[in-house]
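One gets our numbering by counting positions in the sequence shown from 1 and adding 17 to each. For every residue, glycine included, the Cβ atom is placed at its ideal position computed from N, Cα and C.
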Amino acid sequence: MSPQLSHVESPMTVTTLHAMKQAGEKIACLTAYDASFARLLDDAGVEVLLVGDSLGMVVQGQQTTVPVTMDHMVYHTRAVARGRRRALLIADMPFMSYARAEQTLANAARLMAEGLAQMVKLEGGRTQLDSVRLLAERGIPVCAHLGLQPQYVHKLGGYKVQGKGETAALAMLDDAKALQEAGADLLVLECVPSSLAAGIAVAVDVPVIGIGAGKDCDGQVLVSYDALGLTPGRVPRFARNFMAEGGDIRGAVGAYVAAVKSGEFPASEHTMA
Ligand code: KIV
């Protein structure tokens, strides 16, 4: 195991994340939606703060992420930016905010210039190659989100494991390579079989952050409300409540970071077959 790069106190950048992948150091990521949580997570060693459109569900109480707007995303991203110190700040492009080229550019620019995001994330595989290329060519770092894409829940017919079976797995692997080729700097894989996620993490040079994608990804992300036992109702099987072992929020986030770094999380019970 190489030296733990996360001990270096300089701000996290795309370059640092790539160096962590090279060095085999796991990347710890959590969602954040406000300044206070951003500061707490950052102080506890979380390296990537994601302002996920999951805020529609856990903050606004919506049934899905579909009603989340650009104004919501800019507002919460700006709040997180005020609390952030060292972690890299990624903001989700919400539903239909990247359906056309001009709109994609304008909305990504808002998240960067008004929200102070350092990277934008969008859901989709091959269909998003043009958007990723457009943003990357204009100097906007992009994270592509593959596997379960909650913005398409109505089309998918529910929150289901993606990439099962050889054809679907090969298609996702191809998509991952094509997204990297188009300029994506980071990939998120949600709810995919761990063997597929492991294969994708080896096949691409960019870091792969998993959520319900097994232990062999280059890093892990959870919705912070799930990790802290705050989510009312059903919590995804791949999540783990770190409050029990952490004692308080600060301790729980520290336990999450330590479990990601050591490879202890995710365990087999948080993994899709
Ligand atoms: O919106 C979100 O929080 C996300 C994560 C679940 C990856 O996209």
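Considering only Gly62, Thr82, Ala153, Ala290, the residue with the shortest C-alpha distance to Lys232 is Ala290.
In this chain, Ala220 is not harboured by any beta strand (DSSP E); it is covered by the alpha helix (DSSP H) spanning 211-220. Contact between the stretch 40-50 and the stretch 258-266 is absent, with fewer than three C-beta pairs closer than 8 Å. Look at Leu196 here: in three-state DSSP terms it is helix. Distances from the CA of Lys43 to each of Tyr169, Pro167, Gln237, His93 were compared; the closest alpha carbon is that of Gln237.
The beta carbon of Tyr273 lies closer than 6 Å to those of Ala244, Phe259 in the same chain, with the five residues before and after it left out. Contact between the stretch 30-43 and the stretch 247-256 is absent: fewer than 3 CB-CB pairs across the two stretches fall below 8 Å. Per DSSP, Val83 lies in no alpha helix (DSSP H) and is assigned neither H nor E.
For the options Gly216, Pro224, Arg117, Thr82, the alpha carbon positioned closest to that of Thr30 is the one of Pro224.
Not one heavy atom of the ligand KIV lies closer than 7 Å to the C-beta of Val178. Remark: the shortest separation between the CB of His287 and any heavy atom of the ligand KIV does not fall under 7 Å. Looking at the DSSP output, His162 bridges to Glu140, Val205.
Beta-bridge pairing by DSSP links Asp109 to Lys138. Residue nearest to Lys38 within the set Val219, Gly268, Leu139 is Val219 (criterion: CA-CA distance).
Residue state for Ala45 is assigned as strand, using DSSP reduced to three classes. Taking C-beta separations shorter than 7 Å and ignoring five residues to either side along the sequence, the partners of Gly180 in its chain run Gly164, Ala186, Met189, Val209, Pro210, Leu213, following chain order. Look at Leu239 here: in three-state DSSP terms it is strand. At a cut-off of 4 residues, the continuous stretches assigned as alpha helix (DSSP H) that sit fully inside the stretch 220-281 are 241-244, 260-263, 266-279. When C-beta atoms of the stretch 170-177 are compared with those of the stretch 194-201, fewer than three pairs fall below 8 Å, so the two segments do not count as touching.
Excluding the 5 residues flanking it on each side, Arg95 has same chain C-beta neighbours closer than 8 Å at Glu131, Gly132, Leu133, in chain order. Note on geometry: alpha-carbon atoms of Ile157 and Met129 lie some 8 Å from one another.
Around the beta carbon of Gly271, 16 or more other beta carbons lie within 10 angstroms, which makes this residue buried. Counting along the chain, no beta strand (DSSP E) covers Leu133, and no H or E run does either. With a 10 Å radius around the Cβ and a threshold of 16 neighbouring Cβ atoms, Pro28 comes out exposed.
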